[in-house]
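Protein chains: 2
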Amino acid sequence: MSLLVRAATDNDHDAVWRIMEPVIRAGESYALARDMTRQDALAHWFAPDRSVFVAEEGGKILGTYYLRANRSGPGSHVANAGFMVADKAGGRGLGHALCEHALATAKARGFRAMQFNFVVVSNDRAVRLWQRMGFEVAGRLPRAFDHPRLGFTDALVMFRLL
Amino acid sequence: MSLLVRAATDNDHDAVWRIMEPVIRAGESYALARDMTRQDALAHWFAPDRSVFVAEEGGKILGTYYLRANRSGPGSHVANAGFMVADKAGGRGLGHALCEHALATAKARGFRAMQFNFVVVSNDRAVRLWQRMGFEVAGRLPRAFDHPRLGFTDALVMFRLL
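Going down the list, the sequences are from chains A and B.
First residue of the first sequence? That's 1 in my numbering, and the numbers climb one at a time after it.
First residue of the second sequence? That's 1001 in my numbering, and the numbers climb one at a time after it.
This is the structure we're talking about:
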């Protein structure tokens, strides 16, 4: 896959929103309001404390992730990242490539670990992928996610050292 | 204890900062930069998504807490709260009273659970208090807190239903 992962620019907002919108509207994986506006979603993804990257192939943006410090001050050595992939790009190793880029970037920036705060257990493709990428389940939040089909569902805290 | 717990107003900013400053400067319990300014600290504590309360006794503010939804949308039924108590007010049941107020307020507002995202394990008074208040350890974040004396220290995710 001739995939380029690069820093996002303002020119990528349309493409990032095209990826975000179906994920947010589905409401099955992120704790974001399903009716969130484009403006609010982009403000969230591109918040000032985040670095946003996109994965591009043949000029098309297929996925995006953000990287940030999960906490401030004495907690700022632990990174956090969030990933979204275009509907059609599933099953092609894109999540793996984005996560590998995020881990390398986080390490290069001096982070010592990466934490995912809220991985919905029913999102088993994500759970399995993060486990393959070296993340361990550090905690389980009972019924913390209100899934549109499954109802109240557990969410995982996942963690790995860098 | 003739303690009044009430919603904070703008007039409480000085008193809240007097409580926050030593906690932040000590850097032993919150993942907030130790050199955080008064303005940044108050903007954080009184962020728009939070309700702030203070505990008052004989006209003196002895403690404060904030209450908010821990996450948005499909995660917004889980509350989050943070507590700070004046140095001199330790050991008098103030933390207990504040937490009880927070749990009752959260329940009245329709939250179904409360989550603490980051309880530093070396803060054993807090850990024991939250356990007495019905919180369970839902997760453990290895070396996620850089303690000024103890170095890298684990932090707990604690959770209870309402």
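Beta carbons are placed, not taken as given, at the ideal position from N, Cα and C, and that holds for glycine.
In DSSP terms, what T37 of chain A is bridged to: Mapped onto the first sequence, residue 37 of chain A falls at position 37. Answer is none; T37 of chain A lacks a bridge partner.
Classify P74 of chain A: buried if its beta carbon has 16 or more other beta carbons within 10 angstroms, exposed otherwise. To locate residue 74 of chain A, count along the first sequence from 1; it is residue 74. P74 of chain A comes out buried.
T1037 of chain B classed as buried or exposed, judged by whether at least 16 other C-beta atoms fall within 10 angstroms: Counting from one through the second sequence, the residue named residue 1037 of chain B turns up at place 37. Answer is exposed; the Cβ neighbour count stays below 16.
Taking 9 Å as the threshold (beta carbon to beta carbon), is Q131 of chain A in contact with chain B? Counting from 1 along the first sequence, the entry for residue 131 of chain A is found at position 131. Not an interface residue.
Inter-residue spacing [alpha-carbon to alpha-carbon] between R68 of chain A and L161 of chain A: Translated into positions along the first sequence, residue 68 of chain A becomes position 68. Translated into positions along the first sequence, residue 161 of chain A becomes position 161. Taking the straight line from one Cα to the other gives about 15 Å.
Rounded separation between L156 of chain A and R34 of chain A - CA only: In the first sequence, the residue the question calls residue 156 of chain A occupies position 156. In the first sequence, the residue the question calls residue 34 of chain A occupies position 34. Rounded to whole angstroms, L156 of chain A to R34 of chain A spans 20 Å at the Cα level.
What would DSSP say about D1154 of chain B, mapped onto helix, strand or coil? Your numbering for residue 1154 of chain B matches position 154 in the second sequence. Strand, per DSSP.
H77 of chain A to M158 of chain A span [Cα, whole Å]: Looking up residue 77 of chain A in the first sequence gives position 77. Looking up residue 158 of chain A in the first sequence gives position 158. Taking the straight line from one Cα to the other gives about 16 Å.
What residue from B:E1028, B:A1007 and B:D1040 has the CA that sits closest to W1017 of chain B's CA? Here residue 1017 of chain B corresponds to residue number 17 of the second sequence, with the count starting at 1. Residue B:D1040 is the option with its Cα nearest to W1017 of chain B.
Should T9 of chain A go down as buried or exposed, given a rule of 16 or more other Cβ atoms within 10 Å for buried? Translated into the one-based positions of the first sequence, residue 9 of chain A becomes position 9. Per the 10 Å Cβ criterion, exposed.
Checking the sheet assignment: what are the DSSP bridge partners for E57 of chain A? Here the question's residue 57 of chain A lines up with position 57 in the first sequence. Answer is A:K60, bridged to E57 of chain A.
Going by other Cβ atoms of all chains shown within 10 Å of its Cβ, with 16 needed for buried, is R71 of chain A buried or exposed? Locating residue 71 of chain A in the first sequence gives position 71, where the first residue counts as 1. Burial call: buried.
Limits of the unbroken alpha helix (DSSP H) element including D1049 of chain B: Taking the second sequence and counting its residues from 1, the one referred to as residue 1049 of chain B is at position 49. Note, D1049 of chain B: premise wrong, no alpha helix (DSSP H); not H, not E.
Strictly under 9 Å for the Cβ-Cβ distance: is Y30 of chain A near chain B by that measure? Numbered from 1 along the first sequence, position 30 holds the residue referred to as residue 30 of chain A. By this cut-off, Y30 of chain A is an interface position.
Please go through the same chain and pick out, in chain order, the residues whose beta-carbon is closer than 6 Å to the beta-carbon of C99 of chain A, but skip the five residues on each side of it. What you label residue 99 of chain A is simply residue 99 of the first sequence in a count that begins at 1. So the list reads M133, once near-sequence residues are dropped.
Can you tell me whether DSSP reads V1121 of chain B as helix, strand or coil? Your numbering for residue 1121 of chain B matches position 121 in the second sequence. V1121 of chain B: coil per DSSP, three-state reduction.
Residue nearest to I61 of chain A in terms of C-alpha spacing, selected from A:G27, A:K88, A:A113 and A:E28: Counting from 1 along the first sequence, the entry for residue 61 of chain A is found at position 61. Comparing Cα positions, the closest option is A:K88.
Let's see if you can read the secondary structure: which residues bound the alpha helix (DSSP H) around P1022 of chain B? Taking the first residue of the second sequence as position 1, residue 1022 of chain B is located at position 22. It spans H1013 to A1026 - the alpha helix (DSSP H) in which P1022 of chain B sits, taken as one unbroken run.
Inter-residue Cα distance where the pair is E1021 of chain B and S1122 of chain B: Within the second sequence, the letter at position 21 stands for residue 1021 of chain B. Within the second sequence, the letter at position 122 stands for residue 1122 of chain B. Distance between the alpha carbons of E1021 of chain B and S1122 of chain B: 20 Å.
Three-state secondary structure (DSSP) of L32 of chain A: By one-based count along the first sequence, residue 32 of chain A stands at place 32. Reduced to three states, the DSSP call for L32 of chain A is coil.
According to a CB-to-CB cut-off of less than 7 Å, which residues of the stretch 1068-1082 of chain B neighbour chain A? R1071, S1072, G1073, P1074, G1075, H1077 and V1078
Judging by CA-CA distance, which residue of A:G59, A:N117 and A:T105 is the nearest neighbour of F145 of chain A? In the first sequence, counting from the first residue as 1, residue 145 of chain A sits at position 145. When each option's Cα is compared against that of F145 of chain A, the closest is A:N117.
Interface residues of chain B facing D146 of chain A [CB-CB closer than 9 Å]: Translated into positions along the first sequence, residue 146 of chain A becomes position 146. What D146 of chain A touches in chain B: G1073, P1074, G1075, S1076 and H1077.
Using only alpha-carbon positions, find the residue among B:D1124, B:L1042 and B:V1120 that is nearest to D1012 of chain B. If you number the second sequence from 1, residue 1012 of chain B lands on position 12. Here the closest residue by C-alpha is B:L1042.
Exposed or buried, which one is H96 of chain A when buried takes at least 16 other CB atoms within 10 Å? By 1-based counting over the first sequence, the position of residue 96 of chain A is 96. Exposed is the call here.
For D146 of chain A, which beta-bridge partners are listed by DSSP? In the first sequence, counting from the first residue as 1, residue 146 of chain A sits at position 146. The partner list for D146 of chain A (beta bridge, DSSP) reads A:F152.
Given a cut-off of 9 Å on the beta-carbon distance, is the pair R1140 of chain B and G139 of chain A in contact? Within the second sequence, the letter at position 140 stands for residue 1140 of chain B. Within the first sequence, the letter at position 139 stands for residue 139 of chain A. Their beta carbons are under 9 Å apart, which means R1140 of chain B touches G139 of chain A by this criterion.
Any idea what DSSP makes of L1161 of chain B, helix, strand or coil? Walking along the second sequence from the start, residue 1161 of chain B turns up at place 161. DSSP places L1161 of chain B in strand when its eight states are reduced to three.
From the beta carbon of G27 of chain A, is the nearest beta carbon of chain B less than 9 Å away? In the first sequence, counting from the first residue as 1, residue 27 of chain A sits at position 27. With 9 Å as the cut-off, G27 of chain A counts as an interface residue toward chain B.
Is there at least one Cβ from chain A nearer than 9 Å to V1023 of chain B's Cβ? The residue you call residue 1023 of chain B lines up with position 23 of the second sequence. By this cut-off, V1023 of chain B is not an interface position.
Given that Q115 of chain A touches chain B, what residues does it touch there, using C-beta distances under 8 Å? As a first step, residue 115 of chain A is located in the first sequence; it is residue number 115 there, counting from the start. L1141 and A1144, listed in chain order.
Can you give me the Cβ contacts of S2 of chain A inside the same chain, cut-off strictly under 8 Å, excluding the 5 residues immediately before and after it? If you number the first sequence from 1, residue 2 of chain A lands on position 2. Answer for S2 of chain A: E57 and G58, listed in chain order.
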